[in-house]
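In case it helps, the UniProt record's numbering puts the sequence shown at residues 1 to 319. Just so it is clear, CB atoms sit at the ideal spot from N, CA and C, and this is done for glycine as well.
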Amino acid sequence: MGKISCVWRAPSFCNRGYHGILFGTSRQDTFLGLSTEDNLFSFRPGVLQAFDSIVGGTGSFLDTIAFTSSARVQAGKFDVVSNIEVVRLDVPGIELTVSRQLVETSQTGFLTVEGSSGSDFVSGQPTNVNRAPVTGSIHFNGNGGADTFNGGEGDDIVTLNRADLGASTLNGYLGFDTLDIRGDGLISAASLANVSSFETFRLNGAQELFISQALFDTGLGSVVGDAGNQVVRADAVTTGGHNIYFNPGDGSDFSSAARKSASGPRRPARSTARTSSTVGSAATATSCRSSVTTRAFRPRRSARSSTSTASSCSATTPA
Numbered sequence: 001m002g003k004i005s006c007v008w009r010a011p012s013f014c015n016r017g018y019h020g021i022l023f024g025t026s027r028q029d030t031f032l033g034l035s036t037e038d039n040l041f042s043f044r045p046g047v048l049q050a051f052d053s054i055v056g057g058t059g060s061f062l063d064t065i066a067f068t069s070s071a072r073v074q075a076g077k078f079d080v081v082s083n084i085e086v087v088r089l090d091v092p093g094i095e096l097t098v099s100r101q102l103v104e105t106s107q108t109g110f111l112t113v114e115g116s117s118g119s120d121f122v123s124g125q126p127t128n129v130n131r132a133p134v135t136g137s138i139h140f141n142g143n144g145g146a147d148t149f150n151g152g153e154g155d156d157i158v159t160l161n162r163a164d165l166g167a168s169t170l171n172g173y174l175g176f177d178t179l180d181i182r183g184d185g186l187i188s189a190a191s192l193a194n195v196s197s198f199e200t201f202r203l204n205g206a207q208e209l210f211i212s213q214a215l216f217d218t219g220l221g222s223v224v225g226d227a228g229n230q231v232v233r234a235d236a237v238t239t240g241g242h243n244i245y246f247n248p249g250d251g252s253d254f255s256s257a258a259r260k261s262a263s264g265p266r267r268p269a270r271s272t273a274r275t276s277s278t279v280g281s282a283a284t285a286t287s288c289r290s291s292v293t294t295r296a297f298r299p300r301r302s303a304r305s306s307t308s309t310a311s312s313c314s315a316t317t318p319a
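If you want it as structure tokens, here you go:
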């Protein structure tokens, strides 16, 4: 137990803004972080044992566990680990399964997992049937590579580069989960083929999003834009009595949805859309003024099948 400001064995840690740096050993370790500064606990995955006790500090400072070599880290390794806000995967190839305790004792109210520049595996689903899934919130920052993320039962947020979507597999599982997509360009339905159970997509910059029927069926209910120019196309969503809500930012935004014409064949019904904040499905299209709906919107699962809207919106049922 103690404080180490800089260690000759790992000079790369010395200028990362962490004041207390503790390195795990293959023996039983007991680490107690300071509450007056950030703390960094550095482990090779095989070195962290279930009997190692790590308690981060309290208050507004951040405590981080950094894993420095590729291996599998199961939830049982965190049985006596608490008050950790960040888990950092310094190299590709680490398979991380977080525990309920690890997430729930974070002083920020959620656990941040910083991925490597390569392929990472992060899960809130236990591999041991005697363990309960994570109910708190996991914030995973992919940082590059083909990543795999399996959420728990909390409201998770996954931030990924647009270019990495096609090679990644992302499942939000339960809760109201958000996929935050970074990087300008086209976000095709094919690149989202292995994405499921996310209720909200957050767009950034100049992006064009194509929503598939499969995404819609697994829970996608809202798309949130930023100050960039975004295009959202839901023409492929042709069945179901729900809405996809588009909350545009301050840019020049556009949305389109498939509707059935009176003569029978489907045609795209378009709205040029800083003024349109929703993209309707084939069953119901709903429009709201963006000045009314700039607040964040989270659809409830139980309410998504309803076609009723707020008084500030107008609902149209195509013939």
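The three-state reading of DSSP puts Phe140 in strand, counting E and B together. Using a C-beta cut-off of 8 Å, the stretch 167-174 makes no contact with the stretch 205-217, since fewer than three inter-stretch Cβ pairs fall below that distance. For Phe140 and Thr239, the gap between their C-alpha atoms comes out near 32 Å. Comparing C-alpha distances from Ser123 to each of Glu85, Phe149 and Thr135 shows the shortest one belongs to Phe149.
Boundaries of the alpha helix (DSSP H) around Glu104: Arg100 to Glu104.
Rounded to the nearest whole angstrom, the CA to CA distance from Val231 to Ile244 is 14 Å. The C-alpha of Ala206 is placed about 43 Å away from the C-alpha of Asn128. The DSSP assignment places 30-32, 39-43 and 53-55 as complete runs of the beta strand (DSSP E) inside the stretch 27-60, in order along the chain (cut-off: 3 residues). Secondary structure note for Gln207: it is in no alpha helix (DSSP H), and the uninterrupted beta strand (DSSP E) holding it is Gln207 to Phe210.
Counting the other CB atoms within 10 Å of its CB gives Arg233 a total of 16 or more, which places it among the buried residues. Counting along the chain, the unbroken beta strand (DSSP E) around Leu96 starts and ends at Glu95 to Thr97. Only residues of its own chain outside the window of five on either side were considered, and among them Thr68, Ser69, Ser70 and Ser116 have a CB closer than 7 Å to the CB of Val91, listed in chain order.
DSSP links Gly185 through a beta bridge to Gln207. For the set Ile54, Gly145 and Asp120, the Cα lying nearest the Cα of Gln101 is the one of Ile54.
By the CB criterion at 8 Å, Gly183 and Ala163 fall inside the cutoff.
In the assembly as shown, Asp147 is a buried residue. Its beta-carbon has 16 or more other beta-carbons within 10 Å. Apart from the 5 residues on each side of it in sequence, Ser191 sits with its Cβ closer than 7 Å to the Cβ of Leu165 and Gly166 in its chain, given in chain order. Just so you know, the alpha carbons of Phe201 and Val98 end up roughly 24 Å apart.
In the DSSP assignment, the residues bridged to Ser196 are Asn171. Within its own chain, the residues whose Cβ lies closer than 6 Å to the Cβ of Phe51, once the five positions on either side in sequence are excluded, are Gln28, listed in chain order.
In the structure shown, the three-state DSSP call for Ala66 is strand. Shown here, Asp164 sits in a helix according to DSSP, grouped into three states.
Nearest to Val86 by alpha-carbon distance, out of Leu209, Gly152, Thr108 and Val80, is Thr108.
Around Pro133, the same chain offers Gly124, Gln125, Pro126, Gly152 and Glu153 as residues with beta carbons nearer than 7 Å, after the five sequence neighbours per side are excluded. Within the DSSP secondary-structure output, Ser123 pairs in a beta bridge with Thr97 and Asn150.
For Val237, no pairing in a beta bridge is given by DSSP. Phe78 sits in a helix when the DSSP states are folded into three classes. Secondary structure of Phe110 (DSSP, three-state): strand. Counting along the chain, the unbroken beta strand (DSSP E) around Arg88 starts and ends at Val86 to Leu89.
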